[in-house]
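Visitor: Just passing along the structure, written as structure tokens.
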Amino acid sequence: MNMNSNDRNILKKSKLQEITQQIDPRFTLDPEVEEILLEIADEFIESVTSFGCSLAKHRNSDTLEVKDLQLHLEKNWNVKIPGFTQSSQQIPSNLPSGTEETTRVFRKPPIPEIHKQRLMWVKKSQEQLQKQKQKQQEKKQQQQ
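The sequence shown begins at 35 in this note's numbering and counts up by one.
As structure tokens, this is what we get:
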């Protein structure tokens, strides 16, 4: 598909240049690099939107929702949307009555069993070293 890139781009060159200037005001992008980045951004947005629509259709819905995009981004791209992660749950906030706002609570990820075992081994070895040091100190005191 060889369309004029300005007609098709979701992300415009001016916005890309603005982002570049925020990173480093002395930095400029080569026009070819700009075109490639714009094309990658468009393909990414198109891919995520298309997959999100297929997820919505799978739910028998004709509405694309955040959860559709979120699922695709988290599972396929490992991109977490702040405030919208799958592992969060909503609870009512302590706001004055009449406000319908929720606060997101993030669960601490479970600690794998192997990690717990390693921690136990480290603790045991530290205790053994501590006992050995105490015995050595007792021997020195007895010799004196």
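Think of the CB as a built atom: it goes at the ideal place given N, C-alpha and C, for glycine as much as any other residue.
In the DSSP assignment, find the unbroken alpha helix (DSSP H) run with Thr54 in it and report its ends.
Guide: Start and end: 47-57.
Visitor: DSSP three-state label for Phe61, please.
Guide: coil
Visitor: I'd like the list of long-range same chain contacts for Leu71, defined as Cβ closer than 7 angstroms, with 5 residues on each side in sequence excluded.
Guide: Leu50
Visitor: Please list the terminal residues of the continuous alpha helix (DSSP H) segment that includes Arg152.
Guide: 147-177
Visitor: Is Gly117 buried or exposed, if buried means 16 or more other CB atoms sit within 10 Å of its CB?
Guide: exposed
Visitor: Closer than 7 angstroms by C-beta to Thr97: which residues in its own chain qualify, once you throw out the five before and the five after it? Chain order, please.
Guide: Its chain contains Ala90 as the residues whose beta carbon lies nearer than 7 angstroms to that of Thr97, once the 5 sequence neighbours on both sides are disregarded; these appear in chain order.
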